[in-house]
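Reviewing the structure listed below.
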Amino acid sequence: MHLPISDKIELNILHKNSHQAEKNKIKFNNYNLLCLNIMSSPGAGKTRLLEITLEDLSKKFHSAVLEGDMTTNLDAARLEKLNIPVVPITTGRACHLDANMVSGGLKLLEKKINPDLLDILLVENVGNLVCPAEFEIGEHFKVALLSITEGEDKPLKYPIMFREADLILITKVDLLPHLNFDIKELKSNIASTNPKADVIEISSITKSGFDLWQDWISKKILKFKNN
Amino acid sequence: MTKCLILSMEEWAEKKNKKKIVVEKINLKIGEFTCVEPISLINTFNAAVLGSWLDSSEITIETIPFEGKCSKCNRLYFPKKENGYKSPCCNFNLEEIISGRELKIASIDFKEK
């Protein structure tokens, strides 16, 4: 045996994922395809949000979905009823999508449709407020959902998720009259964690806030396509 | 995260000729404002590398403090959850993060066989 050697590499642990995410982003850009990474805890309403959003969005823009789920294709089956291209990505024991999985999903999507024909790709991540926040997938924007039944403190408890998000959708606001929930406190906690994030209150029951959300997406698509 | 660490080690070792080296220590720098719990990373790594070429390697973790900069007075401060991550000097929201987002392999100590 020789004497020990110290190799000072200063390498990001996630560099392989980041590298693949960059490759994904280049592909999205080449296709002129805006990619949103939709994240939340399980049950915050991601799939329902997409169902309602895509009904209207599909009239204006060509859309597709990569649907991340740990063990089933149930959410993908719901979205396929909207007659848009949907690719399920079953992650198995992994609690988040990574850039490699999304790359695989994109290859499957390419078999279904020429992505040049698409305007927006919505990636529904696995329900989890921790790991998805650290794993880039090549998205242009991150959207985090937070339902009011989860509590006002969640931006403080899961700060990375809400710090990383470009837009935070406060969901299930139709339940406000029935809950002891302080939405001002929630917004204050969001602002202190991420003062730059856009925030929209939304309800999949009353459809309130969907006009703002659709407007947010439309502006992002148009700005992206004009760049 | 453990998988990413092992993949990074595999990639590093390919350049070194894996069969001719023994990794003694993997020295990490992990920021406080990340989704990584150091002890969990050590435990999962130790379990994942059992019987592999990294079996005898040890993980050391230097924790990098979570530090922000007050956007009003430019003072550095350590954001606390209890205070909503706001600056204690001016009670301003957390805008600029100076450190705490690190997820790095700082260095690898190894011997040649």
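From first to last, the protein sequence lines are chains Z and S.
So the first sequence is numbered by this note's numbering: it starts at 29 and just counts up by one.
So the second sequence is numbered by this note's numbering: it starts at 2 and just counts up by one.
Here a beta-carbon is modelled for each residue, glycine too, at the ideal position from N, C-alpha and C.
Checklist entry - How would you label L77 (chain S), buried or exposed, when you count the other beta carbons within 10 angstroms and need 16 or more for buried? => result Answer is exposed; the Cβ neighbour count stays below 16.
Next on the checklist: Let me check understanding here. Comparing Cα to Cα, which of S:N92, S:K26, S:I106 and S:L104 lies closest to S57 (chain S)?
Outcome noted: Residue S:K26 is the option with its Cα nearest to S57 (chain S).
Next on the checklist: With distance defined between alpha-carbon atoms, name the residue in S:N75, S:C74, S:T61 and S:F79 nearest to E68 (chain S).
Outcome noted: With distances taken between Cα atoms, E68 (chain S) lies closest to S:F79.
Item to check | Same chain, Cβ closer than 7 Å to K30 (chain S), neighbours up to 5 away in sequence not counted | outcome: Excluding sequence positions up to five before and after K30 (chain S), its CB lies within less than 7 Å of the CB of E63, I65, E103, K105 and A107, all in the same chain and listed in chain order.
Item to check | Sequence-distant residues of the same chain with beta carbon closer than 6 Å to T100 (chain Z), five excluded per side | outcome: Excluding positions up to five away in sequence, the list is empty.
Next on the checklist: Going by beta-carbon coordinates alone, are I148 (chain Z) and I249 (chain Z) separated by less than 9 Å?
Outcome noted: Taking the C-beta atoms as reference points, I249 (chain Z) is found nearer than 9 Å to I148 (chain Z).
Checklist entry - Of all the residues that make up the stretch 18 to 32 of chain S, which are near chain Z by a beta-carbon distance shorter than 7 Å? => result Answer in chain order: E25.
Item to check | When Z:L197, Z:T177 and Z:G155 are compared against V171 (chain Z), the one with the closest alpha-carbon | outcome: It is Z:L197.
Checklist entry - Taking three-plus beta-carbon pairs below 8 Å as touching, is the stretch 198 to 205 of chain Z in contact with the stretch 230 to 244 of chain Z? => result The stretch 198 to 205 of chain Z, when compared against the stretch 230 to 244 of chain Z, does touch it at the 8 Å Cβ threshold.
Checklist entry - So which residues of chain S does D103 (chain Z) contact, with C-beta pairs closer than 7 Å? => result Result: empty, since nearest Cβ-Cβ is about 23 Å, beyond 7 Å.
Checklist entry - If you count every other CB in all the chains shown that lies within 10 Å of the CB of E83 (chain S), and 16 or more means buried, which is it? => result Flag for E83 (chain S) reads exposed.
Checklist entry - Taking a cut of 9 Å between CB atoms, which residues from the stretch 210 to 244 of chain Z lie near chain S? => result Against chain S - using a Cβ distance shorter than 9 Å - the residues of the stretch 210 to 244 of chain Z are S216, N217, A219, S220, T221, N222, P223 and K224.
Next on the checklist: Can you look up C63 (chain Z) in the DSSP assignment and give me helix, strand or coil?
Outcome noted: C63 (chain Z): strand per DSSP, three-state reduction.
Checklist entry - What does DSSP give as the partner residues of M100 (chain S) in its beta bridges? => result For clarity, residue 100 (chain S) is Ser in the given sequence; the question names Met instead. Partner(s): S:E68.
Item to check | Closest Cα partner of M98 (chain Z) within the set Z:E213, Z:P116 and Z:S46 | outcome: Relative to the Cα of M98 (chain Z), the nearest Cα in the group Z:E213, Z:P116 and Z:S46 belongs to Z:P116.
Item to check | Closer than 8 Å at the beta carbon, the chain Z residues around E97 (chain S) | outcome: Result: empty, since nearest Cβ-Cβ is about 10 Å, beyond 8 Å.
Checklist entry - What residue range is occupied by the uninterrupted alpha helix (DSSP H) comprising I211 (chain Z)? => result First-last of the alpha helix (DSSP H) with I211 (chain Z): I211 to T221.
Item to check | Under the three-state DSSP convention, the category L136 (chain Z) falls into | outcome: Residue state, collapsed to three classes: helix.
Checklist entry - Do T3 (chain S) and L42 (chain S) have their CB atoms nearer than 9 Å? => result Contact: yes.
Next on the checklist: Please tell me whether N44 (chain S) has its Cβ less than 9 Å away from any Cβ of chain Z.
Outcome noted: Chain Z contact via Cβ: absent.
Next on the checklist: Let me see if you follow: with CB-CB separation under 9 Å, is V158 (chain Z) close to chain S or not?
Outcome noted: Yes, V158 (chain Z) counts as interfacial toward chain S.
Item to check | Three-state class that DSSP yields for I228 (chain Z) in the structure shown | outcome: Residue state, collapsed to three classes: strand.
Checklist entry - Going along the chain, which residues of its own chain have a beta-carbon closer than 8 Å to the beta-carbon of L137 (chain Z), five neighbours each way excluded? => result If we look at L137 (chain Z) and ignore the five residues flanking it on each side, its Cβ neighbours are A92, L94, P113, V115, P143 and L149.
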